[in-house]
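Numbering (our numbering), first residue to last: 2 to 341.
All residues carry an ideal CB built from backbone N, CA and C; glycine is no exception.
Model, not experiment: these values are computed from the prediction.
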Amino acid sequence: MTSPSVARTVAHDRRPDPAGPDAARRYVNQWVEPEAIGAERVPAFVLILKTRGCYWADAKGCSMCGYAKDTLGRSATPAELAEQTERALGRYRSEPYVKIYTSGSFLDDREVDPESRRRIVAGFSGRARRLLFETLPEFATPEALGPLAEAFAGELEVALGLETTDPTVLARYVHKNAPPSEYLAAADRVRALGLRAKAYLLLKPPYLSEEEAADDVVRSIGEAAARFDALSVNPVHIQNGTVVEWLYHRGRYRPPWLWSVVEVLRRGAERRGRARLVSFPTAGGLARGPHNCGECDARVLAAIEEASLSQEFGALDALDCACRDEWNAARALEPLGVEA
Ligand code: SF4
Ligand SMILES: [Zn+2]
Numbered sequence: 002m003t004s005p006s007v008a009r010t011v012a013h014d015r016r017p018d019p020a021g022p023d024a025a026r027r028y029v030n031q032w033v034e035p036e037a038i039g040a041e042r043v044p045a046f047v048l049i050l051k052t053r054g055c056y057w058a059d060a061k062g063c064s065m066c067g068y069a070k071d072t073l074g075r076s077a078t079p080a081e082l083a084e085q086t087e088r089a090l091g092r093y094r095s096e097p098y099v100k101i102y103t104s105g106s107f108l109d110d111r112e113v114d115p116e117s118r119r120r121i122v123a124g125f126s127g128r129a130r131r132l133l134f135e136t137l138p139e140f141a142t143p144e145a146l147g148p149l150a151e152a153f154a155g156e157l158e159v160a161l162g163l164e165t166t167d168p169t170v171l172a173r174y175v176h177k178n179a180p181p182s183e184y185l186a187a188a189d190r191v192r193a194l195g196l197r198a199k200a201y202l203l204l205k206p207p208y209l210s211e212e213e214a215a216d217d218v219v220r221s222i223g224e225a226a227a228r229f230d231a232l233s234v235n236p237v238h239i240q241n242g243t244v245v246e247w248l249y250h251r252g253r254y255r256p257p258w259l260w261s262v263v264e265v266l267r268r269g270a271e272r273r274g275r276a277r278l279v280s281f282p283t284a285g286g287l288a289r290g291p292h293n294c295g296e297c298d299a300r301v302l303a304a305i306e307e308a309s310l311s312q313e314f315g316a317l318d319a320l321d322c323a324c325r326d327e328w329n330a331a332r333a334l335e336p337l338g339v340e341a
C-alpha cells in the first residue's frame with residue numbers, strides 16, 4: 002500500500018495557484034448526454050462550474066479524484082458565478098434533465114454561496130423537469146436544501162459519492178472523509194424533504210482485485226438500494242495527479258474491465274429493488290479508462306448504455322468476445338499478484 006505521504010504529496014501537487022478574474026468567468030465544461038426520466042429517453046444538459054473545489058482535496062483527497070485541477074484555487078465571487086451561469090444558460094435548449102457539478106460540492110458555501118445557488122437553480126426552473134447536483138453528505142441539510150426546493154419548480158436530485166458501503170474500503174482505499182453511514186444518513190435527509198437521492202458507486206478502487214471490486218459494488222448495491230432512488234456505477238478512470246495514476250505508472254493498477262461493469266449490472270439488477278441502476282463509464286474503451294480488448298469495447302459500451310437507459314439487463318447476457326476468457330484468467334490470477 003502507498004504511504005499516507007504519497008496521498009498528501011499528490012494532493013499538494015494538483016492544487017492550482019489562486020486564479021485571476023479571467024479564469025473565473027468561464028465554466029469548466031458543458032455538454033449534452035443521453036439520459037432517461039422513468040421510461041422516457043431525454044437529453045441531459047451537463048454543466049461543470051468552476052469554483053474553489055472540494056475542501057477535502059486540499060487536505061488529502063480521494064485516491065482516484067483529480068478534479069482539483071479544474072478549480073480556481075480560491076472561492077468564486079457571486080458575480081463570477083453569475084457570469085458562468087449566464088454563459089451556460091445561453092447554451093441551454095430546455096433539456097428536461099439538468100446536471101450541475103462543481104469539482105466538489107454544490108452545497109458547500111465556500112464553493113457556491115447560498116444566494117448564487119438559489120439563482121442558479123431558479124435559472125433552470127420552469128424549463129428543466131429534473132435538476133441534479135452533487136455534494137458531500139455534511140452539506141446536505143434542510144437549511145441548504147429547503148430554499149433550493151422552493152426555487153425550482155420540478156424534481157431536485159441530490160447526488161452523493163457514497164462509492165461503497167464498506168467502511169474499510171471507503172476510508173483506506175478510496176480515502177473519503179466520512180464513513181458510509183454519513184452518506185446513508187444524508188440520503189435519508191434528502192428523501193425526508195421529498196427530493197430524490199442518487200448514489201455514485203466506485204468500481205475498482207486501488208488495492209482491490211478485479212473480483213473483489215465487483216463483489217464490493219454488488220454488495221453495496223444491495224445494502225444501499227433502499228436508501229436511494231438511483232445508483233450509478235462509476236468504473237475508475239485514471240485522472241492526472243492521483244494516487245491511482247501513481248500506482249498505474251508503476252504497473253500496480255489496471256482500470257476495470259468492461260466485463261466487470263457488465264457483471265456488476267447483471268448481479269446488481271437482482272438487488273436494486275426499486276432504485277434505478279445505471280452506468281455511463283467515463284473514458285470507456287481507452288487505456289486509462291475501463292476497457293476490454295479493444296475489439297469489443299464499443300459494442301459492450303453500447304450495451305451497457307442501453308441497459309442503463311432501458312433498465313432491461315437481460316441483453317447483457319448475450320455479450321461475448323474472446324477476451325472474456327482473458328478477463329476470467331486475470332480475475333483468478335490478480336489476487337496472487339501475477340500478471341495475466
Ligand atoms: S472524490 Fe469528491 S470528496 Fe473526494 S476529493 Fe474528489 S471531489 Fe472531493
Ligand atoms: Zn473483447
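Neighbour-count burial assignment, residue i, 16 or more Cβ in a 10 Å radius
i	result
T165	buried
I49	buried
H176	buried
W32	exposed
E271	exposed
N293	buried
I38	exposed
A69	buried
D217	buried
T136	buried
E41	exposed
D321	exposed
E296	exposed
R253	exposed
N235	buried
G54	buried
K25	The sequence shown places Ala at residue 25, rather than the Lys named in the question. Classification for A25: buried.
E144	exposed
A316	exposed
P181	buried
Distance CB(residue i)-CB(residue j) smaller than 8 Å
i	j	result
Y98	A129	yes
K51	D71	yes
A265	A215	Sequence inspection shows Val at residue 265; the Ala mentioned does not correspond to that position. Yes, the Cβ-Cβ distance between V265 and A215 is below 8 Å.
G147	L132	no
A160	Y201	yes
P206	Y184	no
A231	R277	yes
K61	A8	yes
A150	L196	yes
G285	L310	no
S117	L82	yes
E211	E327	no
E36	V43	yes
P291	L248	no
Residue i versus residue j: straight-line alpha-carbon distance, rounded
i	j	result
L287	E158	30 Å
P19	D59	13 Å
P282	H238	8 Å
E340	A331	Because E340 sits at a pLDDT of 44, beneath the cut-off of 50, its placement in the model cannot be relied upon, and the point is left open.
T169	A179	11 Å
V263	G74	38 Å
R325	D318	12 Å
G21	P138	30 Å
L163	F107	16 Å
V219	P257	15 Å
R275	R267	15 Å
D110	S126	21 Å
A333	Y208	15 Å
Q312	S95	25 Å
R119	L203	30 Å
A299	A45	21 Å
S261	T78	43 Å
R289	R251	14 Å
N329	F314	21 Å
A186	D114	24 Å
L90	A323	47 Å
S233	R192	17 Å
V122	E112	15 Å
R27	L194	33 Å
Supposed contact pair residue j and residue i - C-beta distance, whole angstroms, cut 8 Å
i	j	result
I305	G269	No, I305 and G269 are not in contact; Cβ-Cβ is about 12 Å, not under 8 Å.
A198	A188	4 Å
Practice problem: Report yes or no: do three or more beta-carbon pairs, one from the stretch 56-66 and one from the stretch 226-245, lie closer than 8 Å? | Solution: Because the criterion of three Cβ pairs below 8 Å is met, the stretch 56-66 and the stretch 226-245 touch.
Quiz item: Taking three-plus beta-carbon pairs below 8 Å as touching, is the stretch 84-98 in contact with the stretch 220-235?
Solution: Contact between the stretch 84-98 and the stretch 220-235 is not established, with fewer than three Cβ pairs separated by less than 8 Å.
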